[in-house]
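J.: Using this note's numbering, the first residue of the sequence shown is number 1, and each one after it goes up by one. So that we are looking at the same thing, I have put the structure below in structure tokens.
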Amino acid sequence: MRALILSDIHANLAALESVLSATKGRFDVIWCLGDVVGYGPRPNECVEMIRALASVCVMGNHDLAVLGKPGMDVEAFNPYAQQAVLWTRDTLTQENMAYLAELSAVPVRPLSTVDLLLTHASPREPVSEYILTPSIAMENFAAFTEGICLFGHTHKPVIYRWRLHEELYTELFDDFYSDADEFEGTSNTYPVATVDALQPPIGNVVQLTASTQVRLIINPGSVGQPRDNDVRAAYAILDLEAMTWRYERVPYPIELTQNQMRAVRLPKRLIDRLSFGL
Ligand code: ZN
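This is the structure we're talking about:
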């Protein structure tokens with residue numbers, strides 16, 4: 001089974017459609033990591049596509065803010081994001097609002113047979129924390145038990161790899177007061193956990209091997225508002241049999257989305273950033 005991993009679509013229908021046509025016939029299910037709406041001009045269309053196509057979708061901070069429920073105050077957003085949230089709230093149909101309201105605000109395990117978890121932001125703060133450094137990732141590895149966790153929210157593709165090493169050390173039973181060369185030494189090992197951030201090239205197939213020694217927290221990047229200086233829509237294909245991960249990017253008609261944003265008077269700053277992948 002192959003899963004198309006989508007995150008942070010942010011109501012960018014042109015980007016979502018481009019991803020779906022680029023991946024046609026190459027996946028069996030869609031898993032969505034949240035933020036279907038917010039920022040972009042086509043929230044109803046994007047929610048309807050995800051409702052129809054995704055077998056799993058978790059709650060993002062923008063999805064939650066649009067609902068206007070306790071847990072995510074719109075005041076916590078910057079003024080531009082806030083304006084987009086309020087516009088989205090006025091624009092979404094009742095039915096699409098109801099779909100967003102049903103999304104899980106806690107991490108979801110999509111298949112009982114696969115040792116993998118989905119969350120929007122992080123395992124310990126599923127809707128709001130930004131995992132932007134290996135040290136924040138390190139703290140989050142303690143917050144879930146599965147081998148692999150997929151997340152979104154930062155809009156930046158990355159694989160955080162946790163590894164347990166056996167470090168060798170030599171213990172010295174050194175008598176301070178005797179001759180320096182008369183000490184006894186004994187060797188031993190102790191476990192050390194490290195986390196590094198990997199950025200596999202687009203199109204390369206990465207083998208995902210989770211074990212007691214290796215665990216992974218992975219971000220596919222953002223479909224609708226990439227922030228890694230690459231303006232193309234980002235997504236990934238996860239092959240659950242081969243346990244491989246493939247990052248892909250696809251160009252989409254950015255100007256179409258920008259014109260749609262202008263037409264509904266979304267903030268200029270949100271329109272401009274799509275041209276830079278910021
Ligand atoms: Zn987002």
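Where a beta carbon is used, it is the ideal one built from N, C-alpha and C, also for glycine.
1. Among residues of its own chain, excluding the 5 on either side of Ser122, which ones have a beta-carbon nearer than 7 Å to its beta-carbon?
2. If you check the beta carbons only, do Pro157 and Asp228 fall under 8 Å apart?
3. In whole angstroms, give me the CA-to-CA distance for Ala54 and Ser222.
4. Could you give the distance in angstroms between the alpha-carbon of Asn250 and the alpha-carbon of Tyr190?
5. For Asp35, count neighbouring Cβ atoms within 10 angstroms of its own Cβ and tell me buried if that reaches 16, exposed if not.
6. Around the C-beta of Asp196, are 16 or more other C-beta atoms found within 10 angstroms, so that it is buried, or is it exposed?
7. Taking just the CA atoms, how far does Ser187 sit from Gly40?
8. Considering only residues of the same chain and omitting the five flanking positions on each side of Leu216, which have a CB-CB separation below 8 Å?
9. With distance defined between alpha-carbon atoms, name the residue in Ile50, Asn44, Glu248, His165 nearest to Ala193.
10. Using alpha carbons as the reference points, say which of Pro70, His62, Glu255 lies closest to Thr154.
11. Near Ser275, which residues of its chain fall below 8 Å by C-beta distance, leaving aside the five closest residues on each side in sequence?
12. Please report the distance separating the alpha-carbon of Leu117 from that of Pro110.
13. What residue range is occupied by the uninterrupted beta strand (DSSP E) comprising Ala234?
14. Considering just the uninterrupted stretch of the beta strand (DSSP E) at Tyr247, what are its terminal residues?
15. What does the Cβ neighbour count give for Asp8, buried or exposed, with the cut at 16 atoms within 10 Å?
16. Over what stretch of residues does the beta strand (DSSP E) that includes Asn219 continue unbroken?
17. Considering Val206, what are the terminal residues of the beta strand (DSSP E) in which it resides?
18. Alpha carbon to alpha carbon, what distance is there between Ala236 and Glu248?
19. Taking all protein chains shown into account, do 16 or more other C-beta atoms lie within 10 angstroms of the C-beta of Tyr169, making it buried, or fewer, making it exposed?
20. Going along the chain, which residues of its own chain have a beta-carbon closer than 7 Å to the beta-carbon of Leu256, five neighbours each way excluded?
21. To which residues of the same chain is Arg262 closer than 7 Å at the C-beta, ignoring the five residues directly before and after it?
22. Is the distance from the Cβ of Arg51 to the Cβ of Asp28 below 8 Å?
23. Are Val37 and Val66 touching if we call contact CB-CB under 8 Å?
24. For His165, which three-state DSSP category applies?
25. Note the first and the last residue of the continuous alpha helix (DSSP H) segment covering Leu100.
T.: Looking at the atomic coordinates:
1. Glu129, Ile131, Asn140, Phe151
2. yes
3. 16 Å
4. Note that residue 250 corresponds to Val in the displayed sequence, not to Asn. Distance between the alpha carbons of Val250 and Tyr190 is about 45 Å.
5. buried
6. exposed
7. 59 Å
8. Gly147, Ile148, Cys149, Ile159, Tyr160, Arg161, Trp162, Leu208, Ala210
9. His165
10. His62
11. Val231, Ile254, Gln258
12. 7 Å
13. 233-239
14. 244-250
15. buried
16. 214-219
17. 205-207
18. 6 Å
19. exposed
20. Ala14
21. Ile271
22. no
23. yes
24. strand
25. 94-102
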